[in-house]
């Protein structure tokens, strides 16, 4: 879980928060907290990495079998079947869309892309406010 944002102390002499562009927009960090990922302990990261290896191996089989469709994207049912062979289903926050996949292992998120040309795997923490209807491992593209 992500700790709540620190509350304002009312100190008007405090420096303004920066958003990386240097424009000093106030409350930038608070307004973008929905994009924050939870931290992973070394143990949870290790479990996530172990799961990622298994997931990568199954998704590599999908790529080796070929048959990608438009834009090199594989049918979502094939990706779901590969994840299903590992016991990953809806109860694990599985989300698949347009070559992107994500799985919540209970310890960590494993996300990435599987297309004809690429297979990526990333281990990370769940999002504070994931994209609605996608499970805990998909970054929210909107706002709060």
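Numbering (this note's numbering), first residue to last: 1 to 144. For every residue, glycine included, the Cβ atom is placed at its ideal position computed from N, Cα and C.
Same chain, Cβ closer than 8 angstroms to residue i, five either side skipped, listed in chain order
| i | result |
| --- | --- |
| residue 79 | 59, 62, 96, 101 and 114 |
For residue i: DSSP bridge partner residues
| i | result |
| --- | --- |
| residue 124 | 109 |
| residue 119 | 114 |
Contact under 8 angstroms by Cβ, residue i with residue j
| i | j | result |
| --- | --- | --- |
| residue 48 | residue 117 | no |
| residue 125 | residue 38 | yes |
| residue 130 | residue 123 | no |
Chain-order list of residues whose beta-carbon lies under 7 angstroms from that of residue i (same chain, five-residue window excluded)
| i | result |
| --- | --- |
| residue 56 | 119 and 121 |
| residue 135 | 93, 94, 95, 102 and 104 |
| residue 45 | 108 and 123 |
| residue 141 | 131 |
Own chain, CB closer than 6 angstroms to residue i, minus 5 neighbours either side, in chain order
| i | result |
| --- | --- |
| residue 3 | Note that residue 3 scores 37 on pLDDT, short of 50, meaning its location in the model is unreliable and no value can be drawn from it. |
| residue 40 | 108 and 125 |
| residue 52 | 110, 121 and 123 |
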